[in-house]
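Trainee: Numbering (our numbering), first residue to last: 23 to 328.
1) For a quick check, are the C-beta atoms of residue 204 and residue 170 less than 8 Å apart?
2) Give me the Cα-Cα distance between residue 218 and residue 182, rounded to the nearest whole angstrom.
3) Are the Cβ atoms of residue 303 and residue 263 separated by less than 8 Å?
4) Compare the Cα-Cα distances from residue 189 to each of 220, 155, 201 and report the closest residue.
5) From residue 255 to residue 229, what does the alpha carbon distance come to, in whole angstroms?
6) Quick check on residue 132: does DSSP put it in helix, strand or coil?
7) Could you name each continuous beta strand (DSSP E) segment of 3 residues or more that falls completely within the region 249-282, going from the start of the chain to the end?
8) Under the DSSP definition of a beta bridge, which residues are partnered with residue 95?
9) Residue range of the beta strand (DSSP E) that residue 169 falls in?
10) Using the C-alpha atoms, what's the distance from residue 116 back to residue 248?
11) DSSP three-state label for residue 163, please.
12) Who does residue 330 pair with in a DSSP beta bridge?
13) Considering only C-alpha positions, which residue in the set 199, 166, 124 is nearest to residue 273?
14) Am I right that residue 306 and residue 97 are in contact with their C-beta atoms under 8 Å? What's the rounded C-beta distance?
15) According to the neighbour-count rule (16 or more other Cβ atoms, all chains shown, within 10 Å of its Cβ), is residue 275 buried or exposed?
16) Just the Cα atoms here: how many angstroms apart are residue 207 and residue 296?
17) Give me the Cα-Cα distance between residue 193 and residue 201, rounded to the nearest whole angstrom.
18) For residue 252, which residues from the same chain have a beta carbon less than 7 Å from its beta carbon, with the 5 sequence-adjacent residues on both sides left out?
19) May I ask you to report which of helix, strand or coil DSSP gives residue 148?
20) Put residue 309 into one of helix, strand or coil per three-state DSSP.
21) Can you give the beta carbon distance from residue 145 to residue 186, rounded, assuming they're within the 8 Å contact cut?
22) According to DSSP, which residues form a beta bridge with residue 206?
23) Quick one: grab the DSSP three-state call for residue 230.
24) With a Cβ-Cβ cutoff of 8 Å, do residue 104 and residue 231 count as a contact?
25) Going by other Cβ atoms of all chains shown within 10 Å of its Cβ, with 16 needed for buried, is residue 270 buried or exposed?
If you want it as structure tokens, here you go:
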């Protein structure tokens with residue numbers, strides 16, 4: 023073979039190898055990027071990339087048509103009020119489990135399995151951005167019969183004006199509805215902050231501002247180990263209690279591990295589990311019964327003699 027032909031052949035082989043290596047490299051990079059996006063590990067570095075990702079994920083959420091429209095209303099006396107727990111009789115051993123900061127692809131899915139196994143319905147306060155990133159997980163929460171509440175779009179704590187507060191809450195309500203079919207009147211302020219503009223806007227919109235009466239401590243900077251998480255919940259349990267737990271906002275593997283023990287411990291104490299709307303409905307009925315009984319008593323005490 024001549025030197026010219028050999029040289030030409032080597033060039034062709036070099037080009038083929040370069041193209042092959044480039045294709046493999048691109049495939050690997052695409053695969054890694056998709057995995058990172060799914061797990062929420064890495065955010066786009068440039069604003070252009072971030073905008074493109076937001077649009078793509080927004081389109082994904084918008085493409086999910088709710089199977090049904092479910093209005094999770096609370097009794098009117100609770101509209102625009104701040105609630106830490108339901109006021110129930112001592113023998114009404116019911117308790118509400120609530121989960122904040124999700125949905126997340128791993129933790130929320132594991133929690134849903136635990137709840138399903140125990141035939142428990144809970145209340146999930148979702149962050150709008152997370153619903154946007156993981157619409158299928160949010161949809162599964164609704165499909166399993168759980169209640170969804172509004173936990174703002176960004177989970178910001180700082181002081182904000184009316185327009186910002188409106189955007190944080192309204193955008194979240196909108197994506198929850200478009201993704202899951204649930205229209206919620208439940209709002210939980212991030213961090214429990216009541217004076218940064220969010221709670222006031224939510225009150226004006228007739229949301230029930232849902233706080234909590236006990237917490238596991240799973241969101242603390244140095245969260246306790248699993249046995250202490252369980253102990254924190256069990257020792258504070260009371261009729262009408264609202265328990266704060268987390269399925270998002272970080273690594274919640276401890277929460278997942280502790281949940282079955284919490285449920286078993288509460289069941290051993292005689293508790294059954296309800297959603298926030300169910301809890302408030304129970305209080306409303308008890309208050310109505312007390313009011314009716316009081317009215318009857320007064321009519322007997324002061325008969326109207328004609």
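We put the CB at the ideal spot given by N, CA and C, even for glycine.
Mentor: To lay it out plainly:
1) yes
2) 6 Å
3) no
4) 220
5) 26 Å
6) helix
7) 263-268
8) For residue 95, which the question treats as bridged, DSSP gives no partner whatsoever.
9) 169-172
10) 23 Å
11) helix
12) Residue numbering for the chain in the displayed model covers 23 to 328; residue 330 lies beyond these limits and cannot be assessed.
13) 124
14) 4 Å
15) exposed
16) 17 Å
17) 12 Å
18) 280, 283, 284, 287
19) strand
20) helix
21) At roughly 25 Å, the Cβ-Cβ gap does not stay under 8 Å, so residue 145 and residue 186 are not in contact.
22) 94
23) strand
24) yes
25) buried
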